[in-house]
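Notes follow once the structure below has been shown.
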Amino acid sequence: MEFQKTPGWLDWYDGPSKPRFKVPAGSVDAHCHVFGPGAEFPYAPERKYTPCDASKQQLYALRDHLGFARNVVVQATCHGADNRAMVDALVHSSGKARGVATVKRSVTDDELKAMHDAGVRGVRFNFVKRLVDFTPKDELIEIANRINKLGWHVVIYFEAVDLPELWDFFTALPTTVVVDHMGRPDVNKPVDGPEFELFVKFMREHSNVWSKVSCPERLSVKGPPALNGEQNAYRDVVPFARRIVETFPDRVLWGTDWPHPNLKDHMPDDGLLVDFIPHIAVTAELQQKLLVDNPMRLYWPEES
Ligand SMILES: O=C(O)c1cc(C(=O)O)oc(=O)c1
Numbered sequence: 001m002e003f004q005k006t007p008g009w010l011d012w013y014d015g016p017s018k019p020r021f022k023v024p025a026g027s028v029d030a031h032c033h034v035f036g037p038g039a040e041f042p043y044a045p046e047r048k049y050t051p052c053d054a055s056k057q058q059l060y061a062l063r064d065h066l067g068f069a070r071n072v073v074v075q076a077t078c079h080g081a082d083n084r085a086m087v088d089a090l091v092h093s094s095g096k097a098r099g100v101a102t103v104k105r106s107v108t109d110d111e112l113k114a115m116h117d118a119g120v121r122g123v124r125f126n127f128v129k130r131l132v133d134f135t136p137k138d139e140l141i142e143i144a145n146r147i148n149k150l151g152w153h154v155v156i157y158f159e160a161v162d163l164p165e166l167w168d169f170f171t172a173l174p175t176t177v178v179v180d181h182m183g184r185p186d187v188n189k190p191v192d193g194p195e196f197e198l199f200v201k202f203m204r205e206h207s208n209v210w211s212k213v214s215c216p217e218r219l220s221v222k223g224p225p226a227l228n229g230e231q232n233a234y235r236d237v238v239p240f241a242r243r244i245v246e247t248f249p250d251r252v253l254w255g256t257d258w259p260h261p262n263l264k265d266h267m268p269d270d271g272l273l274v275d276f277i278p279h280i281a282v283t284a285e286l287q288q289k290l291l292v293d294n295p296m297r298l299y300w301p302e303e304s
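Mind the numbering: the sequence shown is residues 1 to 304 in UniProt numbering, read in order.
What follows is the structure, encoded as structure tokens:
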């Protein structure tokens, strides 16, 4: 099947720089995706965008280039609830990748078991309207209760303005809950203003809630972009991510978000994204928790 990319689509950055920041041994890129390839794993009919291909081989080459040891491959919305490309990436990772799936209520126990055996450890619930159609909350709760029995967790993706409305649903989830990209704060607003305070309260009052401090390239308003050797990229995101890392050091994860779906402005150099890490996790101890100890506890508990 031939797929036509969404007009204006930016392809992932080829030939990323070697990071100056040396990540600790055993580091995990805890948020990344594979796209297709579409000829082998077709994009879902209900998708909201059609990406360029981004294969498992390319993902794992990036992992090695950046100095990471493992990946958590998160089901991308362009594949809907067809998890074959993500699962294929896991089973060809020599145990170095675990995954987060998207499932519907109709998923069978045998299908969940097969995904578990392949390395899936969570499901993703998406509330970003430009990416997915609405799924009824009773369906999501039913799924959360089923996957809880497998020891899996729920990953949620939403925008900061929607947190008040989603609060009761999120706080009723029975599992560990991992928030994608810090709940997408508006970094034009103050880091100690009411919107971000609500997110901090969400984490403070609910010890089962974790956050990925990822995607400065999506959240930044002022840049500068992580291109051309820029060592001070996305400064306006730093106070937000740093606050979460320092307040909740044992409940944070970091990921590249490669291949960076739906960026409109520029495509970052992933090597420079790694160089962003020491700005938000400023001590060796915080870096070790963010990149190794926390993701290992969540995704490879049997080894940590
Ligand atoms: O902001 C986005 O566009 C985005 C999309 C997806 C996806 O399509 O799965 O995943 C992400 O982590 C971020």
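For glycine and all other residues, C-beta sits at the position ideal for the given N, C-alpha and C.
Measuring alpha carbon to alpha carbon, tell me which residue in the options is nearest residue i.
i	options	result
Asp14	Lys212, Glu302, Leu272 and Ala69	Leu272
Phe41	Val73, Phe3 and Val23	Phe3
Lys18	Thr77, Ser93 and Ala226	Ala226
Asp293	Val238, Val34 and Ala69	Ala69
Arg242	Arg218, His266 and Lys212	Lys212
Lys222	Val237, Gly95, Thr175 and His65	Val237
Met115	Asn145, Glu139, Phe125 and Ala81	Ala81
Tyr234	Ile277, Gln57, Trp210 and Ser106	Ile277
residue 305	Ala25, Gly122, Lys129 and Glu159	As shown, the chain starts at 1 and ends at 304. That puts residue 305 outside it, with no answer to give.
Trp167	Glu139, Glu205, Pro224 and Pro190	Glu205
Asp29	Ala97, Gly36, Asp53 and Val91	Ala97
Tyr157	Val179, Phe170 and Ile147	Val179
Thr108	Ser94, Ile147, Asn71 and Phe134	Ile147
Trp9	Gln287, Met203 and Asp53	Asp53
Pro7	Pro51, His31 and Ser27	Pro51
Val103	Asn232, Phe125 and Val91	Phe125
Tyr299	Val245, Phe21 and Val74	Val74
Ser93	Arg105, Gly119 and Glu111	Gly119
Thr77	Ser55, Asp133 and Ala39	Asp133
In this structure, does DSSP put residue i in helix, strand or coil?
i	result
Val178	strand
Trp254	coil
Val161	helix
residue 381	As displayed, the chain neither begins before 1 nor continues past 304, which places residue 381 out of reach and without an answer.
Ala44	coil
Ala226	coil
Ala30	strand
Lys22	coil
Pro301	coil
Phe276	coil
Glu217	helix
Pro261	coil
Gln4	coil
Pro239	helix
Asn232	coil
Thr171	helix
Gly15	coil
Tyr49	coil
Ala81	coil
Leu10	coil
His266	coil
His65	helix
Give the DSSP bridge partners of residue i, in chain order.
i	result
Phe125	Ile156
Ala97	Asn71
Trp210	Val178
Ala54	Phe35
residue 347	There is simply no residue 347 to check, as the chain begins at 1 and stops at 304 in what is shown.
Check whether the Cβ of residue i lies closer than 7 Å to any heavy atom of ligand 3, and answer yes or no.
i	result
Asp270	As far as ligands go, the structure on display features ligand 1 and does not contain ligand 3.
### Message
Using 8 Å as the cut-off, can you tell me whether the stretch 237-257 makes contact with the stretch 35-55, which would need three or more C-beta pairs spanning the two stretches below that distance?
### Response
no
### Query
Any chance the stretch 155-172 sits against the stretch 193-204, with 3 or more Cβ pairs inside 8 Å?
yes
### Query
Can you find at least 3 beta carbon pairs, one from the stretch 257-275 and one from the stretch 59-73, that sit closer than 8 Å?
yes
### Query
Taking the runs of the beta strand (DSSP E) that are 3 residues or longer, which of them lie wholly in the stretch 125-149?
none
### Query
Is it true that the stretch 279-293 meets the stretch 84-93, where meeting means three or more beta-carbon pairs spaced less than 8 Å apart?
no
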